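Asker:
2 protein chains.
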Amino acid sequence: MSLISVGTMAFDAIETPFGKTDQIIGGSATYVAYAASNFVQPIKQVSIVGFDFPKEEMDELTKRGVELDGVEVVADKKSFFWSGRYHMDMNTRDTLVTDLNVLLDFDPVLPESYQGAEFLMLGNLDPVIQKKVITQLKTRPKLIVMDTMNFWMEIAMPQLEETLKLVDVLMVNDSEARQLSAQFSLVKAAKEIMKMGPKYLIIKKGEHGALLFHGDQVFFAPALPLEAVFDPTGAGDTFAGGFMGHIARTRDISFENMKTAIIVGSAMASFCVEKFGPERLKEITQADIDERIQQFVSLVNFDIELTH
Amino acid sequence: MSLISVGTMAFDAIETPFGKTDQIIGGSATYVAYAASNFVQPIKQVSIVGFDFPKEEMDELTKRGVELDGVEVVADKKSFFWSGRYHMDMNTRDTLVTDLNVLLDFDPVLPESYQGAEFLMLGNLDPVIQKKVITQLKTRPKLIVMDTMNFWMEIAMPQLEETLKLVDVLMVNDSEARQLSAQFSLVKAAKEIMKMGPKYLIIKKGEHGALLFHGDQVFFAPALPLEAVFDPTGAGDTFAGGFMGHIARTRDISFENMKTAIIVGSAMASFCVEKFGPERLKEITQADIDERIQQFVSLVNFDIELTH
């Protein structure tokens with residue numbers, strides 16, 4: 001039940017209406033690892049960092065069953081750095097700084113020990129790099145899940161279309177789904193996107209939950225109503241990590257099991273937003289996760305009998 | 001299992017990105033009646049119309065078990081008229097015309113035959129009028145549900161607060177909940193509003209579903225993902241009608257049954273938006289409703305086992 005996770009390991013500096021951090025640990029693959037490692041180990045990490053990425057953070061990941069053979073350390077460059085400021089509604093943010101640093105050199109070579117992995121999570125990256133990872137695998141994984149963003153739709157659409165043909169599940173947010181499909185209705189958008197390659201589409205709507213589409217089937221998972229969203233950074237990646245972790249643990253790629261995986265992902269994301277960065281994800285126990293998942297059951301569970 | 005429904009019966013003229021109507025039938029009590037009458041009859045209607053309100057519409061309502069003894073007909077005035085234009089996202093609209101007409105004289109006197117009703121639905125109206133209806137009832141209904149809007153928060157907040165003390169369930173949309181409570185978080189907003197009187201709060205979020213709060217409990221019902229929302233006019237009132245209809249049919253005011261009622265309300269609202277005005281609500285059969293409710297079951301139903 002091995003999982004390869006490809007993405008960034010980085011530093012973030014975050015401002016929200018509730019507070020402000022100095023440089024803290026971030027990056028899509030970091031969040032995926034902290035979420036997924038609750039469900040499946042090892043996680044075969046593929047990323048790139050600079051000389052400044054802390055050894056304690058690497059040790060912490062190793063302790064959680066994250067293999068770092070696929071993480072390149074560049075001795076003379078700094079790690080990727082992103083800084084942003086969230087608005088009051090927490091659904092929109094301004095990017096203040098993007099220092100690509102080592103990311104400019106990212107051209108991952110999969111270690112031989114990563115071959116044969118059954119599950120592949122492609123974090124948001126240049127679609128050319130995402131494709132390179134897929135084509136390096138001698139045996140196609142049982143399930144390939146991919147995240148992307150509007151940036152690649154704007155500057156690398158032909159490359160994105162090539163990569164989309166190779167994946168099973170695409171995860172995007174609602175505005176990205178609209179942009180990718182040129183459809184306003186998310187139902188119509190899903191139909192268009194599923195013609196581009198992915199047989200499954202997950203549309204993340206932040207505080208408004210997530211939708212899973214497959215053929216004519218649709219499933220909806222709410223976000224947990226929270227008193228305060230402290231910092232949404234990484235929530236989407238944490239969702240992906242919980243989703244992939246559950247799928248890899250159960251090795252069941254049916255639509256039914258993907259529904260459960262979305263609930264697991266939503267539960268993990270609900271922890272992520274409670275503190276800055278991945279801080280909260282480092283604290284939680286299996287009991288916390290089980291309790292949170294039960295809250296989702298209560299949140300949507302209802303009895304129905306026919307109504308007349 | 002009698003239900004009193006108080007609200008407007010009116011004319012609307014609607015523009016959406018998909019089309020435009022001339023004057024068609026509208027009004028909160030009209031939508032409530034078309035939705036609720038699928039589940040419970042009679043519905044004891046309280047409203048006011050002008051000389052121009054069509055006899056065929058009255059006959060149609062009568063046929064569906066709507067009692068009109070409480071509907072005042074003013075011989076020398078026109079019915080309430082509202083005209084609006086929806087934006088592309090269908091969540092926002094501009095009011096083009098509001099002709100209050102007979103609504104200026106609305107001072108309902110409950111017919112003696114309405115006494116003893118077990119359920120009361122107060123559509124969005126001046127809170128003073130809502131209170132007058134409550135105080136005319138010699139026996140307090142088992143459940144009083146009230147809708148309101150931001151307009152009354154702005155011009156009649158003390159009166160609104162008085163009426164809120166007398167009701168069991170308040171239904172508002174998300175921006176109204178924020179305005180009423182001065183809280184941005186809907187969880188915090190719910191706590192504040194439940195201190196003002198209502199023991200239950202339903203927050204309608206349009207295409208993003210609806211939340212039910214009661215004490216520390218919370219339930220979420222999604223909206224059905226639709227290819228096209230043709231006209232959202234009346235969706236909130238139709239939701240209220242489905243909710244009240246289910247409650248009045250089952251005579252069960254438990255939190256558990258309110259969850260089911262919210263699903264019924266959401267199903268009815270999903271029909272409402274498919275055509276202009278109440279047109280679609282007039283067409284649907286019990287079989288259509290059952291099928292739609294099953295779609296909601298599929299939409300949110302998932303299997304969970306503990307995740308490790």
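Each protein sequence line maps, in turn, to chains U and G.
Using the UniProt record's numbering, the letters of the first sequence correspond one by one to residues 1 to 308.
Using the UniProt record's numbering, the letters of the second sequence correspond one by one to residues 1 to 308.
Beta carbons are placed, not taken as given, at the ideal position from N, Cα and C, and that holds for glycine.
A quick note: this is a predicted structure, and the numbers were derived from the prediction, not measured.
1. Assuming Thr163 of chain U contacts Lys131 of chain U under a Cβ cut-off of 8 Å, what Cβ separation, rounded to an integer in Å, is found between them?
2. Using a Cβ-Cβ cutoff of less than 7 Å, which residues in the same chain neighbour Gln183 of chain U once the five nearest sequence positions on both sides are dropped?
3. Assuming contact is defined by CB atoms lying nearer than 8 Å, are Ala261 of chain G and Thr238 of chain G in contact in what I supplied?
4. By how many angstroms is the C-alpha of Arg292 of chain G removed from the C-alpha of Leu224 of chain G?
5. Please classify Asp147 of chain U as buried or exposed, where buried requires at least 16 other C-beta atoms within 10 Å of its C-beta.
6. Starting from Met146 of chain U, follow the beta strand (DSSP E) in both directions and report where the run begins and ends.
7. Anything in the stretch 172-206 of chain U with a Cβ closer than 8 Å to a Cβ of chain A? List those residues in chain order, please.
8. Would you decide whether Phe151 of chain G is buried or exposed? Buried here means 16 or more other CB atoms lie within 10 Å of its CB.
9. For residue 309 of chain U, tell me which candidate among U:Leu103, U:Gly242 and U:Pro278 has the shortest Cα-Cα distance.
10. Comparing the C-beta of Ala240 of chain G with each C-beta of chain U, is any distance below 8 Å?
11. So with CB distances below 8 Å, who are the chain U contacts of Met88 of chain G?
12. Taking CB distances under 8 Å as the criterion, tell me whether Asp231 of chain G reaches chain U.
13. Round the Cβ separation of Glu72 of chain U and Ile48 of chain U to the nearest angstrom and send it over; I've been treating them as touching at under 8 Å.
14. Around the Cβ of His87 of chain U, are there at least 16 other Cβ atoms within 10 angstroms (buried) or fewer (exposed)?
15. Consider the Cβ of Ala287 of chain U: report whether some Cβ of chain G lies at a distance smaller than 8 Å.
16. For the alpha helix (DSSP H) holding Lys44 of chain G, just list the boundary residues, first then last.
17. Does the distance from the C-beta atom of Arg64 of chain U to that of Ser28 of chain U stay below 8 Å?
18. Going by Cα to Cα distance, which pick from U:Ser181, U:Asn173, U:Ala228 and U:Ile284 is closest to Glu161 of chain U?
19. How would you write the range of the alpha helix (DSSP H) that Val133 of chain G sits in, first residue to last?
20. In whole angstroms, what separates the C-alpha of Gly70 of chain U from that of Val264 of chain G?
21. Name, going along the chain, the residues of the stretch 288-305 of chain G whose beta-carbon falls closer than 7 Å to a beta-carbon of chain U.
22. Looking only at its chain, what residues have a beta carbon closer than 8 Å to the beta carbon of Arg178 of chain U, apart from the 5 residues adjacent to it on each side?
23. Please tell me whether Thr260 of chain G has its Cβ less than 8 Å away from any Cβ of chain U.
24. Fully enclosed by the stretch 147-231 of chain U, which alpha helix (DSSP H) runs are 4 residues long or longer?
25. Cα separation between Phe276 of chain U and Gln295 of chain G?
26. Measuring alpha carbon to alpha carbon, tell me which residue in G:Thr95, G:Asn91 and G:Val102 is nearest Phe80 of chain G.
27. Mind listing the chain G neighbours of Phe219 of chain U? Cutoff is C-beta to C-beta under 9 Å, in chain order.
28. Is Gly116 of chain U helix, strand or coil by DSSP?
29. What are the start and end residues of the beta strand (DSSP E) that includes Asp69 of chain U?
30. Output needed in chain order: residues of the stretch 249-275 of chain G with a Cβ under 7 Å from some Cβ in chain U.
31. Assign Ser106 of chain G to buried or exposed, taking buried as 16 or more other Cβ atoms, counted over all protein chains shown, within 10 Å of its Cβ.
32. List the residues of chain G whose Cβ lies closer than 7 Å to the Cβ of His208 of chain U, in chain order.
33. Below 7 Å on C-beta distance, what does Ala228 of chain U contact in chain G?
34. Near Lys78 of chain U, which residues of its chain fall below 8 Å by C-beta distance, leaving aside the five closest residues on each side in sequence?
35. Could you list which residues in chain U have their beta carbon closer than 8 Å to that of Pro225 of chain G, in chain order?
36. If you follow the alpha helix (DSSP H) that Leu104 of chain G is in, where does it begin and where does it stop?
Answerer: Taking the definition as stated:
1. As a working mapping, residue 163 of chain U is identified with position 163 in the first sequence. As a working mapping, residue 131 of chain U is identified with position 131 in the first sequence. Their Cβ separation, rounded to whole angstroms, is 5 Å, which keeps Thr163 of chain U and Lys131 of chain U in contact under 8 Å.
2. Residue mapping note: residue 183 of chain U aligns to position 183 of the first sequence, counting from 1. Excluding residues within five positions, the ones whose Cβ falls inside 7 Å are Ala189 and Glu192.
3. Position 261 of the second sequence, counted from the start, is the residue given in the question as residue 261 of chain G. Position 238 of the second sequence, counted from the start, is the residue given in the question as residue 238 of chain G. Cβ atoms of Ala261 of chain G and Thr238 of chain G: not closer than 8 Å.
4. In the second sequence, the residue the question calls residue 224 of chain G occupies position 224. In the second sequence, the residue the question calls residue 292 of chain G occupies position 292. Spanning the alpha carbons of Leu224 of chain G and Arg292 of chain G requires a straight line of approximately 9 Å.
5. Taking the first sequence and counting its residues from 1, one reaches residue 147 of chain U at position 147. Classification for Asp147 of chain U: buried.
6. Translated into the one-based positions of the first sequence, residue 146 of chain U becomes position 146. Element bounds for Met146 of chain U: Leu143 to Asp147.
7. The chain labelled as chain A is not found among the protein chains of the depicted structure, namely U and G.
8. To locate residue 151 of chain G, count along the second sequence from 1; it is residue 151. Exposed is the call here.
9. Examination of residue 309 of chain U is not possible in this model, given that chain U is present from 1 through 308 alone.
10. Within the second sequence, residue 240 of chain G is the residue found at index 240, counting from 1. So no, Ala240 of chain G is outside the interface.
11. Here the question's residue 88 of chain G lines up with position 88 in the second sequence. Here the neighbours are Phe184.
12. As a working mapping, residue 231 of chain G is identified with position 231 in the second sequence. For Asp231 of chain G, the answer is no, since every Cβ of chain U falls outside 8 Å of its Cβ.
13. Within the first sequence, the letter at position 72 stands for residue 72 of chain U. Within the first sequence, the letter at position 48 stands for residue 48 of chain U. Contact between Glu72 of chain U and Ile48 of chain U holds: their C-beta atoms lie close to 5 Å from each other, under 8 Å.
14. If you number the first sequence from 1, residue 87 of chain U lands on position 87. With fewer than 16 other Cβ atoms inside 10 Å of its own Cβ, His87 of chain U counts as exposed.
15. For the purposes of this step, residue 287 of chain U is identified with residue 287 of the first sequence, where counting begins at 1. No, Ala287 of chain U does not count as interfacial toward chain G.
16. In the second sequence, counting from the first residue as 1, residue 44 of chain G sits at position 44. Run containing Lys44 of chain G: none in the alpha helix (DSSP H); it sits in the beta strand (DSSP E), Ile43 to Gly50.
17. Here residue 64 of chain U refers to the residue found at position 64 when the first sequence is read from its first residue. Here residue 28 of chain U refers to the residue found at position 28 when the first sequence is read from its first residue. At the C-beta level, Arg64 of chain U and Ser28 of chain U stay beyond 8 Å of one another.
18. The sequence position of residue 161 of chain U within the first sequence is 161, counting from 1. Of U:Ser181, U:Asn173, U:Ala228 and U:Ile284, the residue nearest in Cα terms is U:Ser181.
19. In the second sequence, counting from the first residue as 1, residue 133 of chain G sits at position 133. That run of the alpha helix (DSSP H) goes Pro127 to Gln136.
20. Counting from 1 along the first sequence, the entry for residue 70 of chain U is found at position 70. Counting from 1 along the second sequence, the entry for residue 264 of chain G is found at position 264. A straight line joining the alpha-carbon of Gly70 of chain U with that of Val264 of chain G spans about 52 Å.
21. Listed in sequence order: Ile289, Asp290, Ile293, Val297, Leu299, Val300, Phe302, Asp303 and Ile304.
22. Position 178 of the first sequence, counted from the start, is the residue given in the question as residue 178 of chain U. So the list reads Phe184, Leu186 and Ala189, once near-sequence residues are dropped.
23. Counting from 1 along the second sequence, the entry for residue 260 of chain G is found at position 260. True, the Cβ-Cβ gap to chain U drops below 8 Å.
24. The stretch 147-231 of chain U contains these whole alpha helix (DSSP H) runs: 150-155, 157-164, 174-181 and 186-194.
25. Against the first sequence, residue 276 of chain U aligns to sequence position 276. Against the second sequence, residue 295 of chain G aligns to sequence position 295. If you draw a straight line from the Cα of Phe276 of chain U to the Cα of Gln295 of chain G, it is about 38 Å long.
26. Walking along the second sequence from the start, residue 80 of chain G turns up at place 80. Per the Cα distances, G:Val102.
27. Residue mapping note: residue 219 of chain U aligns to position 219 of the first sequence, counting from 1. Result: Ser298, Leu299, Val300, Asn301 and Phe302.
28. As a first step, residue 116 of chain U is located in the first sequence; it is residue number 116 there, counting from the start. In the structure shown, Gly116 of chain U falls within a coil segment according to DSSP collapsed to helix, strand and coil.
29. Residue mapping note: residue 69 of chain U aligns to position 69 of the first sequence, counting from 1. Start and end: Val66 to Val74.
30. Listed by position, the residues of the stretch 249-275 of chain G near chain U (Cβ gap below 7 Å) are Glu256, Lys259, Thr260, Ile263 and Val264.
31. Residue 106 of chain G sits at position 106 when you count from the first residue of the second sequence. What sits at residue 106 of chain G in the sequence shown is Phe, not Ser. Burial call: buried.
32. Taking the first sequence and counting its residues from 1, one reaches residue 208 of chain U at position 208. Within chain G, the residues near His208 of chain U are His208.
33. Working through the first sequence from its first residue, we reach residue 228 of chain U at position 228. Residues of chain G passing the Cβ test: Ser185.
34. Here residue 78 of chain U is taken as the residue at index 78 of the first sequence, counted from 1. When the five nearest sequence neighbours on each side are left out, the beta carbons in the same chain lying within less than 8 Å of the beta carbon of Lys78 of chain U are those of Gly50, Phe51, Asp52, Asp99, Asn101 and Val102, in order along the chain.
35. For the purposes of this step, residue 225 of chain G is taken as the residue at position 225 of the second sequence. What Pro225 of chain G touches in chain U: Leu186, Val187, Leu211, Val218 and Phe220.
36. What you label residue 104 of chain G is simply residue 104 of the second sequence in a count that begins at 1. Per DSSP, Leu104 of chain G belongs to no alpha helix (DSSP H) and is neither H nor E.
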